[in-house]
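Encoded as structure tokens, the structure appears first; notes follow it.
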Amino acid sequence: VYSGDTRPCSALAAAGAGATLLIHEATFSAEQSAMALRKRHSSTSEALGVAAAMGAYRTVLTHLSARYESEASAAWASSSSIVAYDGLTLNLADLPRCTAAAPPIERFFKAVAAREATAAAAGSARLA
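Given below as structure tokens:
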């Protein structure tokens, strides 16, 4: 089931009940749900909510903004969802093991966030 760029839709969840794979856009973080509503997109948590309502076996989150890497890492840590990236190809036969990459990818995002925080702190210290 492919959602396209849209707000969460109960009709989509009903139509795709029990789907093997849901591909859903998740442009904004959970904290940006008001902006998601204004811009007619979904947040990561809303997309995962649609997946849960649908009972989707696996979910691929797409159209994520690079501004919300921490939310993306949380999605990778899920037992049923992954985050799309440019050039991703996914064989349906690989769905049972596609979330095995979650732990190293989560560590990667945490390391990136730590480096960015350190760099920001160093930049602030230089300005003081």
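Going by my numbering, the first residue of the sequence shown is number 36, and it counts up by one from there. Every residue gets a Cβ at the ideal spot worked out from N, C-alpha and C, and that includes glycine.
Please confirm if the segment 37-53 is in contact with the segment 83-91, defined as three or more CB-CB distances below 8 Å between the two stretches.
Because the criterion of three Cβ pairs below 8 Å is met, the segment 37-53 and the segment 83-91 touch.
If you check the beta carbons only, do SER80 and PHE63 fall under 7 Å apart?
To locate residue 80, count along the sequence shown from 1; it is residue 45. To locate residue 63, count along the sequence shown from 1; it is residue 28. Contact flag unset, no.
Roughly how many angstroms separate the alpha carbons of PRO43 and HIS59, rounded to a whole number?
Working through the sequence shown from its first residue, we reach residue 43 at position 8. Working through the sequence shown from its first residue, we reach residue 59 at position 24. Taking the straight line from one Cα to the other gives about 9 Å.
At the 7 Å Cβ level, is ALA135 part of the contact set with chain B, yes or no?
Among the protein chains of the structure shown there is no chain B, as only one such chain exists.
DSSP on THR41, reduced to helix/strand/coil?
Counting from one through the sequence shown, the residue named residue 41 turns up at place 6. Coil.
Select from ALA82, SER68, ARG93 the residue whose C-alpha is nearest the C-alpha of SER115.
Here the question's residue 115 lines up with position 80 in the sequence shown. It is ARG93.
At which residues does the alpha helix (DSSP H) containing LEU72 begin and terminate?
Walking along the sequence shown from the start, residue 72 turns up at place 37. Segment 68-74, the alpha helix (DSSP H) holding LEU72.
On the criterion of 16 or more Cβ atoms from any shown chain inside 10 Å, does LEU123 qualify as buried, or is it exposed?
Residue numbering aside, residue 123 sits at position 88 when the sequence shown is read from its first letter. Its Cβ having fewer than 16 others within 10 Å, LEU123 is exposed.
Where DSSP assigns a beta bridge to HIS59, which residues make up the other side?
Residue mapping note: residue 59 aligns to position 24 of the sequence shown, counting from 1. Paired residues: LEU96.
Within 10 Å of its beta-carbon, does GLU61 have 16 or more other beta-carbons around it, so buried, or fewer, so exposed?
In the sequence shown, the residue the question calls residue 61 occupies position 26. Here residue 61 is Ala; the residue named in the question, Glu, does not match the sequence. Classification of ALA61: buried, given that the 10 Å Cβ count is 16 or more.
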